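Asks: Per the working numbering: the sequence shown = residues 3 to 206.
First the structure, then my questions, so here it is.
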Amino acid sequence: MKNSQGIIFVISAPSGTGKTTICERLLKSSPNLKMSISHTTRRPRAGEKDGVNYYFIDRTKFEEMIKNGDFIEWAEVYGNLYGTSKKIINDLLNSGNDVLLDIDIQGAKNIKKIYPESVLIFILPPSIEELARRLYNRNEEPNVIRNRLNRVAEEVIQYEFYDYLLINDNLEKAIEEALCIINAERLKTNRINKDFMNNFLKTI
Ligand code: 5GP
């Protein structure tokens, strides 16, 4: 049973919450869910690849893309620019996929404005202490950890803007819950392809 239109799932979380791992597992478990790869001016971290984690571009190119209207949304996060490409989203939706976006709250708000049917999921760490510990274990610089922790309150306070809230106190449970959300959203009556239902009704 096909949905009439692909669904946009947005996942936001303070960094260190396990969001990247959760997204990777969702993509593996759900074949027609595809990641929208963002563009960024941030430099790649060790192990990150261009065209896989992000499209890494310089500020001049990013500003040119803004001028050309290439982004559905873009935002400055921790001094770097990040943007969601219109073409990438449209190509994925037009080829019958659902799309997963890992973007911040500014981006989530803009996506909801443009696509009111999109589904917004916020992931919380079990506690601030645990988040600090995870960032510390990732070998982030102390000032990076401080910056990121300072931003958490700003982000978390806006949780009600999201449709769903997950707490990643157990990775497997959080993945399972995220998959439940995706599957339930796909089965909503307002998303079901009308032609499919009309044909089914004719057989009754
Ligand atoms: P990181 O540099 O750790 O990969 O990402 C920093 C923040 O930028 C994360 O909160 C991530 O979700 C957000 N982000 C990544 N891509 C985009 C995007 O295209 N648009 C917006 N608004 N935020 C993004």
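Ideal placement from N, C-alpha and C gives every residue a C-beta, glycine not left out.
Note that the coordinates shown come from a computational prediction; the quantities given were computed from them, not determined experimentally.
Write down the C-beta distance between Ile13 and Cys25 rounded to the nearest angstrom, noting that I regard them as a contact closer than 8 Å.
Replies: Locating residue 13 in the sequence shown gives position 11, where the first residue counts as 1. Locating residue 25 in the sequence shown gives position 23, where the first residue counts as 1. Rounded, the Cβ-Cβ distance is 6 Å, consistent with contact.
Asks: State yes or no: is the C-beta of Tyr84 nearer than 8 Å to some heavy atom of the ligand 5GP?
Replies: Numbered from 1 along the sequence shown, position 82 holds the residue referred to as residue 84. The answer is yes for Tyr84.
Asks: Mapping DSSP to helix, strand and coil, what is Lys204?
Replies: What you label residue 204 is simply residue 202 of the sequence shown in a count that begins at 1. Here Lys204 sits in helix by DSSP.
Asks: With a cut-off of 8 Å, do at least 3 Cβ pairs link the region 108-128 to the region 154-167?
Replies: The answer is yes - the region 154-167 touches the region 108-128, with three or more Cβ pairs under 8 Å.
Asks: Which residue comes first and which comes last in the alpha helix (DSSP H) that contains Thr22?
Replies: Sequence index remark: in the sequence shown, residue 22 carries index 20 (1-based). From DSSP, the alpha helix (DSSP H) with Thr22 extends over Lys21 to Ser31.
Asks: Look at the Cβ atom of Ile105, then the Cβ atom of Lys88, and state whether they are nearer than 9 Å.
Replies: The residue you call residue 105 lines up with position 103 of the sequence shown. The residue you call residue 88 lines up with position 86 of the sequence shown. For Ile105 and Lys88, no; Cβs fall outside 9 Å.
Asks: Should Asp158 be listed as close to the ligand 5GP, given that the test is whether its C-beta is under 8 Å from any heavy atom?
Replies: By one-based count along the sequence shown, residue 158 stands at place 156. A small fix is needed here, since residue 158 is Val in this sequence, not Asp. No, Cβ of Val158 sits at least 8 Å from all heavy atoms of the ligand 5GP.
Asks: Mind reading off the beta-carbon distance from Thr43 to Phe64? Whole number of angstroms is fine, and I expect it under 8 Å.
Replies: Sequence index remark: in the sequence shown, residue 43 carries index 41 (1-based). Sequence index remark: in the sequence shown, residue 64 carries index 62 (1-based). That belief holds up - the Cβ atoms of Thr43 and Phe64 are roughly 5 Å apart, short of 8 Å.
Asks: Got a sec? Which residues, its chain only, sit under 6 Å from Gly109 by beta carbon, not counting five neighbours each side?
Replies: The sequence position of residue 109 within the sequence shown is 107, counting from 1. Around Gly109: Glu75 and Ala77.
Asks: Could you check where the alpha helix (DSSP H) with Phe64 kicks off and where it finishes?
Replies: Locating residue 64 in the sequence shown gives position 62, counting from the first residue. Unbroken alpha helix (DSSP H) run through Phe64: Arg61 to Lys69.
Asks: Which first and last residues belong to the alpha helix (DSSP H) in which Leu151 is found?
Replies: Here residue 151 corresponds to residue number 149 of the sequence shown, with the count starting at 1. Run containing Leu151: Pro144 to Val158, per the alpha helix (DSSP H) assignment.
Asks: Thinking just about the alpha-carbon of each residue, which of Glu179, Ser120 and Glu142 is nearest to the one in Lys190?
Replies: Here residue 190 is taken as the residue at index 188 of the sequence shown, counted from 1. Lys190 has its Cα closest to that of Ser120, out of Glu179, Ser120 and Glu142.
Asks: Take the Cβ of Tyr164 as the centre, count every other Cβ of all protein chains shown within 10 Å, and call the residue buried at 16 or more, exposed below.
Replies: As a first step, residue 164 must be located in the sequence shown, where it is residue number 162. So Tyr164 counts as buried.
Asks: Please state the DSSP three-state secondary structure of Ala15.
Replies: Locating residue 15 in the sequence shown gives position 13, counting from the first residue. In this structure, Ala15 counts as coil in the three-state DSSP scheme.
Asks: What's the C-alpha gap between Asn5 and Glu143?
Replies: Residue mapping note: residue 5 aligns to position 3 of the sequence shown, counting from 1. Residue mapping note: residue 143 aligns to position 141 of the sequence shown, counting from 1. So the alpha carbons of these two residues sit roughly 45 Å apart.
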